[in-house]
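>
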Amino acid sequence: MRVLARLFKAYAKHQWHLYVVTLFLIGVEVVLNVYLPQLSRAIVDTVVESTSDLSFVRSYLFSQSLLYLVWGLIRSVVVFVEIYLFEKTAETVSLKIRRDLYDHVQRLDFSFHNKARTGDLMSRVTSDVQAMRELAGFGIVQLVYCLLMILLVVGWMVYCNPSYALACLMSMPLLLVAAVRYSARSGPVFRAIQDQIASMTAKVQESVSGIRVVKAFAQEDHERAQFGKENDGILAKNLQAAKINAFYHPAMDFLASLGGVGVIWYGGRLYMSGALTAGDITAFLSYLWMLIWPVRSMGWVIGMFQRGIAGSQRVFEVLDERRRISDSRGSTPLQRITGRVHFDDVTFSYDSGEKVLDHFTLEIEPGETIGVLGMTGSGKSTVGALIPRFYDADSGTILVDGVDVRNAELKSLRSHVGIVPQDTFLFSASIRENIAYHDPNMDLERVIEAAKAAQIHDFVETLPQRYETVVGERGIGLSGGQRQRVAIARAIATDPKILILDDSTASVDAETESAIQESLREIAKGRTTIIISQKVSSVRYADRIVVLKDGRIVELGTHEELMARDGFYSRLHAAQTGSDLSSIEASGEGMVV
50 MRVLARLFKA
60 YAKHQWHLYV
70 VTLFLIGVEV
80 VLNVYLPQLS
90 RAIVDTVVES
100 TSDLSFVRSY
110 LFSQSLLYLV
120 WGLIRSVVVF
130 VEIYLFEKTA
140 ETVSLKIRRD
150 LYDHVQRLDF
160 SFHNKARTGD
170 LMSRVTSDVQ
180 AMRELAGFGI
190 VQLVYCLLMI
200 LLVVGWMVYC
210 NPSYALACLM
220 SMPLLLVAAV
230 RYSARSGPVF
240 RAIQDQIASM
250 TAKVQESVSG
260 IRVVKAFAQE
270 DHERAQFGKE
280 NDGILAKNLQ
290 AAKINAFYHP
300 AMDFLASLGG
310 VGVIWYGGRL
320 YMSGALTAGD
330 ITAFLSYLWM
340 LIWPVRSMGW
350 VIGMFQRGIA
360 GSQRVFEVLD
370 ERRRISDSRG
380 STPLQRITGR
390 VHFDDVTFSY
400 DSGEKVLDHF
410 TLEIEPGETI
420 GVLGMTGSGK
430 STVGALIPRF
440 YDADSGTILV
450 DGVDVRNAEL
460 KSLRSHVGIV
470 PQDTFLFSAS
480 IRENIAYHDP
490 NMDLERVIEA
500 AKAAQIHDFV
510 ETLPQRYETV
520 VGERGIGLSG
530 GQRQRVAIAR
540 AIATDPKILI
550 LDDSTASVDA
560 ETESAIQESL
570 REIAKGRTTI
580 IISQKVSSVR
590 YADRIVVLKD
600 GRIVELGTHE
610 ELMARDGFYS
620 RLHAAQTGSD
630 LSSIEASGEG
640 MVV
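If you're matching positions, the sequence shown starts at 50 in the numbering used here and goes up one per residue.
Given below as C-alpha cells:
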C-alpha cells in the first residue's frame with residue numbers, strides 16, 4: 050500500500066480533476082448498463098401480455114427500438130470520453146515517471162553507474178514504467194467499474210426479489226475467494242517475470258554492445274546459449290503464470306455457471322407460481338452474466354495491480370538512490386579560473402575499500418602540462434576523475450584556483466574542464482554534433498578548428514557529407530584512432546582551462562600520436578593540461594611527470610631528470626623503446642604495453 054500511496058501522491062495527484070471526471074463517467078456507464086436489463090424486462094413482459102394486439106406490439110417495439118438506439122448512442126459517447134480521459138491521465142503519469150527516472154539517472158554519480166547494468170535500467174524505464182502506467186490508468190478505472198457494477202447489480206437484484214437474488218448469487222462468494230487466491234498466487238510470478246525480462250534485456254544490450262569482442266573470440270554460440278538461458282527463464286515463468294491462469298479462469302467460469310442454475314431452476318418455479326414474470330427472469334439472467342465479468346475481472350485487476358506495484362518498486366529503487374555528488378549549500382560558481390590545481394594529502398578508495406590514492410599531494414601551476422604515468426591500478430585515472438568531482442575524496446582536499454571542488458558549483462566547475470576518457474564514446478549523430486556536444490549552437494568554424502587541432506579534419510574532409518556525416522552508435526564506422534581524435538576535438542572545442550587526456554592516444558599509431566602530441570603542445574598553451582598514460586612517449590614532453598605506484602608518487606620531475614635517475618621511469622622507457630627489456634622485468638614491476 051505504501052508503494053501505491055507514493056505513486057499516486059507523487060504523480061497522480063496533479064491529475065485529480067481528470068480522475069474525478071473519469072470516475073463520474075464510469076458511474077454513468079454503470080447506471081446505463083444496469084438500466085438495460087430493465088428495458089429488456091419491460092419489453093418481454095409487455096409483448097407477452099399484449100400478444101392479442103399486434104398493432105400495439107409493433108408500435109411499442111418501434112418506440113423501444115428508438116429508446117435502445119438512444120441508450121446506445123449515449124453510452125458510446127460516455128465510454129469514448131471516459132477512455133480518452135483515463136488514457137490521457139495514464140500517459141501523463143507515465144510521462145512524468147519516465148522524465149523523473151531518466152533525469153535522476155542522469156544526475157546520479159559514477160558510484161551508481163559503475164555497478165548498474167544498462168539493460169536493467171532500460172527495462173525499468175520501459176516495461177516497469179508501462180506497468181505503472183497500466184495501474185494508474187486502466188487498473189484504477191477497471192477496479193472502480195467492477196466494484197460499482199457489483200454493488201449496483203447486487204443491490205438492484207436484492208431490491209427486486211431478495212430470495213431470488215440469493216439463489217442467483219449463491220456462487221459469488223466462492224468466485225470472489227477464487228479471484229483473491231488467483232491474485233495471491235499470480236503476484237509473485239508477475240514480479241519474477243519482470244525481473245527475468247530485465248535480466249534478458251541487460252544480456253541483449255551487453256552482447257550487442259560487445260559484438261566485436263564476441264566475434265573476435267568466435268563466441269557467437271556461447272552468447273546464443275546465454276541468451277537461450279535468459280529466454281528459457283522467461284518461458285518458464287510465463288508457463289508458470291499460464292498454469293495459474295489455466296486453472297483459475299475455467300474454475301471461475303464453472304462457479305459462475307452455478308448462478309445460472311439458480312436463475313433457471315428457482316426462477317422457473319417462481320414463474321410457474323406467478324411470483325415472477327418472464328421479463329423478471331430475463332432481467333435476472335442478464336444481471337447474472339453482467340456480474341460474472343466484473344467478479345472474474347477482480348483477479349485480473351488485482352494481478353494488474355501486482356504488476357504495477359512490482360514495477361513501481363523497481364522504479365522507486367532507482368529514484369531512491371542517493372546522489373553522493375551534488376552542489377553544496379552556498380556552492381561557489383567558478384566564473385573565470387587560471388587553472389591552478391592542488392591535491393592536498395588526498396586519499397581515495399572505491400566501494401571495494403582498497404586505497405587507490407594514498408596521501409597524494411601535488412601542486413599544478415596554471416598553464417602547466419603534467420604527465421601522470423603508471424601501470425594499471427596505480428590510480429592515475431582517478432587523479433583525472435577527482436578534479437571535475439566525479440567522485441569525492443575520502444580525505445584531503447582538491448582545490449581549483451583555491452576553491453575546494455566540494456564547494457564549487459558542479460556545472461561551472463565541469464565547464465572549465467575538458468576530458469578525453471579512456472573509453473571513447475561517440476553518439477549516433479553527425480561528426481559536427483559530436484564535436485559540438487557541449488554547445489549545439491557552436492559555429493562550424495570552431496568545430497573545424499578543434500578538428501584540425503586533433504588531426505581529424507583531413508579525414509573528415511574525405512567523407513561524402515564531411516562534418517554532417519552520421520557515425521553509428523558508439524562511433525561504429527570509425528577506427529579506434531579516429532574515434533579518439535573526434536573525442537579530443539570534442540574536449541578542445543569547449544576551450545577548457547583544464548584539459549585532461551586519459552590515455553587519449555592509446556589507440557592511434559605512432560605517426561598519428563606524434564602529430565597529435567605536436568598539436569597538443571600548441572593547444573596546451575595557456576591552459577593546465579594533464580596527460581594520463583601508460584606510455585612514456587605520451588608524457589615525455591610534459592613540464593613535469595608524476596610516476597604513480599599503488600596510489601603514491603614514487604618519482605616526480607622532467608623527462609630528462611627522471612631518465613638520469615635510472616629509476617622505474619627510465620626502465621619503463623627502455624622497455625617500451627626496446628632498448629632494455631630485461632631491466633624492468635628484473636625489477637619485478639612488470640611491463641606496460
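For every residue, glycine included, the Cβ atom is placed at its ideal position computed from N, Cα and C. All figures in this text were calculated on a predicted structure; none of them were measured in a lab.
(1) What are the start and end residues of the alpha helix (DSSP H) that includes E412?
(2) Residue range of the alpha helix (DSSP H) that K278 falls in?
(3) Would you kindly report the start and end of the unbroken beta strand (DSSP E) that includes G529?
(4) Roughly how many whole angstroms lie between the Cα atoms of Y60 and D453?
(5) Based on the DSSP secondary-structure assignment, which residues constitute the bridge partners of F397?
(6) How many Å lie between Y231 and G348 at the Cα?
(7) Among the residues of its own chain, which have a CB less than 8 Å from the CB of V395, if the five just before and after it don't count?
(8) Measure the alpha-carbon distance for R148 versus E370 and round it to whole angstroms.
(9) Tell me, to the nearest whole angstrom, how far the beta carbon of I580 is from that of L550; I am working on the premise that it is less than 8 Å.
(10) Nearest CA to the CA of L383: which residue from E414, G451, Q355?
(11) What residues are listed by DSSP as bridge partners for E482?
(12) By Cβ distance, which residues of its chain are closer than 6 Å to K598, with the 5 residues on each side in sequence left out?
(13) Could you pull the start and end residues of the beta strand (DSSP E) that R593 belongs to?
(14) Can you grab the Cα-Cα spacing for the pair L103 / V97, in whole Å?
(15) Contact check, N280 vs M301 under 8 Å by CB: the rounded distance?
(16) Just curious, the beta strand (DSSP E) that G423 is in, first and last residue?
(17) Look up V449 in the DSSP assignment and give the residues it is bridged to.
(18) By Cβ distance, which residues of its chain are closer than 7 Å to T431, with the 5 residues on each side in sequence left out?
(19) So T578 is in the beta strand (DSSP E); what residue range does that whole segment cover?
(20) Do I75 and V190 come within 9 Å of each other at the CB atom, strictly closer than that value?
(21) Considering only the alpha carbon of each residue, which of E136, V128, R173, F187 lies closest to V150?
(22) Do the region 501 to 521 and the region 534 to 544 make contact, defined as three or more Cβ pairs closer than 8 Å?
(23) Here's the rule: buried if 16 or more other CB atoms are within 10 angstroms of the residue's CB, otherwise exposed. What is Y213?
(24) Hey, G653 and S235 are a contact pair by Cβ (cut 8 Å); roughly how many whole angstroms apart?
(25) Hey, could you find the ends of the alpha helix (DSSP H) I330 is sitting in?
(26) Using 10 angstroms around the beta-carbon of N163, count the other beta-carbons present and answer buried if the total reaches 16, otherwise exposed.
(27) Going by DSSP, what residues sit across from V466 in a beta bridge?
(28) If we ignore side chains and look at the alpha-carbon of each, how far apart do L630 and V603 end up?
(29) My understanding is that V154 touches V466, with C-beta atoms under 8 Å, so please give their C-beta distance in whole angstroms.
(30) Determine the DSSP secondary structure at A91, reduced to helix, strand or coil.
(31) Going by C-alpha to C-alpha distance, which of G121, Y336, T175 sits closest to L215?
(32) Just to confirm before moving on: does the CB-CB distance between V178 and V421 stay below 9 Å?
(33) Starting from L605, follow its DSSP beta bridges and name the residues at the other end.
(34) Within 10 angstroms of the Cβ of N483, are there 16 or more other Cβ atoms? Answer buried if so, exposed if not.
(35) Using DSSP bridges, identify the partner residues of T381.
From the atom records:
(1) Taking the first residue of the sequence shown as position 1, residue 412 is located at position 363. Counting along the chain, E412 falls outside any alpha helix (DSSP H), though it belongs to the beta strand (DSSP E) covering 404 to 413.
(2) The residue you call residue 278 lines up with position 229 of the sequence shown. That run of the alpha helix (DSSP H) goes 269 to 321.
(3) For the purposes of this step, residue 529 is taken as the residue at position 480 of the sequence shown. Looking at the DSSP string, G529 is not in any beta strand (DSSP E); the run it does join, the alpha helix (DSSP H), is 529 to 542.
(4) Taking the sequence shown and counting its residues from 1, the one referred to as residue 60 is at position 11. Taking the sequence shown and counting its residues from 1, the one referred to as residue 453 is at position 404. Near 38 Å, if we compare the C-alpha coordinates of D453 and Y60.
(5) Numbered from its first residue, the sequence shown carries residue 397 at position 348. The partner list for F397 (beta bridge, DSSP) reads L406.
(6) To locate residue 231, count along the sequence shown from 1; it is residue 182. To locate residue 348, count along the sequence shown from 1; it is residue 299. G348 has its alpha-carbon roughly 6 Å from the corresponding atom of Y231.
(7) Locating residue 395 in the sequence shown gives position 346, where the first residue counts as 1. Listed in chain order, the non-local C-beta contacts of V395 below 8 Å within the same chain comprise L406, H408, F409, T410, L435, A442, S444, G445, T446, I447, local neighbours out to five positions each way being set aside.
(8) One-based indexing of the sequence shown puts residue 148 at position 99. One-based indexing of the sequence shown puts residue 370 at position 321. Rounded to the nearest angstrom, the two C-alpha atoms are 16 Å apart.
(9) Start at 1 with the first residue of the sequence shown, and residue 580 comes out as number 531. Start at 1 with the first residue of the sequence shown, and residue 550 comes out as number 501. Correct: roughly 5 Å between the Cβ atoms.
(10) As a first step, residue 383 must be located in the sequence shown, where it is residue number 334. Minimum Cα distance to L383 is reached at G451.
(11) Your numbering for residue 482 matches position 433 in the sequence shown. DSSP lists no partner for E482.
(12) Sequence index remark: in the sequence shown, residue 598 carries index 549 (1-based). S427.
(13) In the sequence shown, residue 593 corresponds to position 544, counting from 1. Element bounds for R593: 593 to 598.
(14) Within the sequence shown, numbered from 1, the residue matching residue 103 stands at position 54. Within the sequence shown, numbered from 1, the residue matching residue 97 stands at position 48. Each residue's alpha carbon lies about 11 Å from the other.
(15) Here the question's residue 280 lines up with position 231 in the sequence shown. Here the question's residue 301 lines up with position 252 in the sequence shown. With 8 Å as the limit, N280 and M301 do not qualify as a contact, their Cβ atoms being about 31 Å apart.
(16) Within the sequence shown, residue 423 is the residue found at index 374, counting from 1. Run containing G423: 418 to 423, per the beta strand (DSSP E) assignment.
(17) For this step, residue 449 is matched to residue 400 along the sequence shown. Answer is V390, V452, bridged to V449.
(18) Looking up residue 431 in the sequence shown gives position 382. Answer for T431: F397, V405, L406, listed in chain order.
(19) Translated into the one-based positions of the sequence shown, residue 578 becomes position 529. Judged by DSSP secondary structure, T578 falls within the beta strand (DSSP E) whose first and last residues are 577 to 582.
(20) Sequence index remark: in the sequence shown, residue 190 carries index 141 (1-based). Sequence index remark: in the sequence shown, residue 75 carries index 26 (1-based). Yes, these two residues count as a Cβ contact at 9 Å.
(21) Taking the sequence shown and counting its residues from 1, one reaches residue 150 at position 101. The amino acid occupying residue 150 in the given sequence is Leu; Val does not appear at that position. Of the listed residues, the one whose Cα sits closest to L150 is R173.
(22) Three or more beta-carbon pairs separated by less than 8 Å link the region 501 to 521 to the region 534 to 544, which places the two stretches in contact.
(23) For the purposes of this step, residue 213 is taken as the residue at position 164 of the sequence shown. So Y213 ends up on the buried side.
(24) Outside the shown range of the chain, which is 50 to 642, sits residue 653, and nothing can be said about it.
(25) Position 281 of the sequence shown holds residue 330. Where I330 is concerned, the enclosing alpha helix (DSSP H) stretches over 327 to 368.
(26) Taking the sequence shown and counting its residues from 1, the one referred to as residue 163 is at position 114. The residue is exposed, with fewer than 16 neighbouring Cβ atoms inside 10 Å.
(27) Residue mapping note: residue 466 aligns to position 417 of the sequence shown, counting from 1. Per DSSP, I547.
(28) In the sequence shown, residue 630 corresponds to position 581, counting from 1. In the sequence shown, residue 603 corresponds to position 554, counting from 1. Since pLDDT at L630 reaches only 42, below the 50 mark, its modelled position is unreliable, and no value is offered.
(29) Taking the sequence shown and counting its residues from 1, the one referred to as residue 154 is at position 105. Taking the sequence shown and counting its residues from 1, the one referred to as residue 466 is at position 417. Rounded, the Cβ-Cβ distance is 22 Å, inconsistent with contact.
(30) Locating residue 91 in the sequence shown gives position 42, where the first residue counts as 1. Looking at A91 - three-state DSSP - the assignment turns out to be helix.
(31) Mapped onto the sequence shown, residue 215 falls at position 166. Answer by Cα proximity: Y336.
(32) On the sequence shown, position 129 is the one that residue 178 refers to. On the sequence shown, position 372 is the one that residue 421 refers to. For V178 and V421, no; Cβs fall outside 9 Å.
(33) Within the sequence shown, numbered from 1, the residue matching residue 605 stands at position 556. In DSSP, L605 forms a bridge with V595.
(34) Looking up residue 483 in the sequence shown gives position 434. Per the 10 Å Cβ criterion, buried.
(35) Start at 1 with the first residue of the sequence shown, and residue 381 comes out as number 332. The bridge partners DSSP lists for T381 are A457.
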